[in-house]
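Numbering (the working numbering), first residue to last: 82 to 284.
This is the structure in structure tokens:
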């Protein structure tokens, strides 16, 4: 579902989102392809974030090489493997690269700090991409989570609006959403689950 939707991306904004972004005031940076997700959407480990971050120095540097934007879109379309260097620098990086994990932003578009941007949060509720991401979570991910087939880390829940009371054994809500990465104890729990899954399935 995610790949099918984002295959329509040919520039830096999804065509279904363009009218909303054009018609409303916001401070999203739309100069670069959006990090809607990083990794394989079918991965057994799913990590939920709020939106793509923007740094006026680091983000342009990520796209300094000619063709970097096309390569980024190719990864979203499933036509190219690998993950951006920023994500490879964390312990989660190898899992993103080898298909064990996917990192998904509720809001694909980049900004400095969504939690401090009420105008952007209000506009995001009108985006077709946010609706699609929430539907993917509800229709594709959560049924597998409830059956123990996938492990879900809810690192930033504000735009996903998941009910903490409905958490299953394979759902962890991050204790420190301020951090750009899940805490070590959360990662360890995910690592143990992945190891048990590998042993159980013989892979």
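All C-beta atoms, glycine included, are put in the ideal place defined by N, C-alpha and C.
Since we're looking at a predicted model, the values are computed, not measured.
Nearest neighbour of residue i, chosen from the options [CA to CA]
i, options, result
"residue 233", "225, 160, 239", "225"
"residue 110", "149, 91, 147, 195", "195"
"residue 269", "164, 240, 172", "172"
"residue 128", "179, 235, 211", "235"
"residue 157", "265, 267, 91, 244", "91"
Beta-carbon proximity check, residue i vs residue j, cutoff 8 Å
i, j, result
"residue 200", "residue 106", "yes"
"residue 261", "residue 255", "no"
"residue 140", "residue 115", "no"
"residue 227", "residue 249", "yes"
"residue 219", "residue 98", "no"
Residues near residue i in its chain [Cβ-Cβ closer than 8 Å; skip 5 each side]
i, result
"residue 83", "117, 118, 122, 185, 213, 214, 217"
"residue 272", "none"
Length of the line joining the Cα atoms of residue i and residue j
i, j, result
"residue 144", "residue 138", "11 Å"
"residue 155", "residue 166", "15 Å"
"residue 316", "residue 242", "A question about residue 316 goes unanswered here, because the residues of the chain that appear run from 82 up to 284."
"residue 102", "residue 170", "32 Å"
"residue 87", "residue 229", "27 Å"
"residue 148", "residue 207", "31 Å"
"residue 164", "residue 112", "19 Å"
"residue 142", "residue 244", "38 Å"
"residue 231", "residue 211", "21 Å"
7 Å Cβ shell around residue i - same chain, five flanking residues per side excluded
i, result
"residue 152", "161"
"residue 96", "89"
"residue 181", "124, 125, 126, 275"
"residue 278", "125"
"residue 267", "234, 253, 255"
Spatial neighbours of residue i in its chain, beta-carbon cut-off 6 Å, leaving aside the 5 residues before and after
i, result
"residue 168", "119, 174, 177"
"residue 204", "105, 107"
"residue 240", "131, 187, 188"
Beta carbon proximity, residue i to chain C, threshold 8 Å
i, result
"residue 185", "Absent here is chain C; the protein component of the structure consists of one chain."
Flag this pair as touching only if the segment 117 to 134 and the segment 173 to 190 have three or more C-beta atom pairs under 8 Å; answer yes or no.
-> Contact between the segment 117 to 134 and the segment 173 to 190 is present, because at least three Cβ pairs lie under 8 Å.
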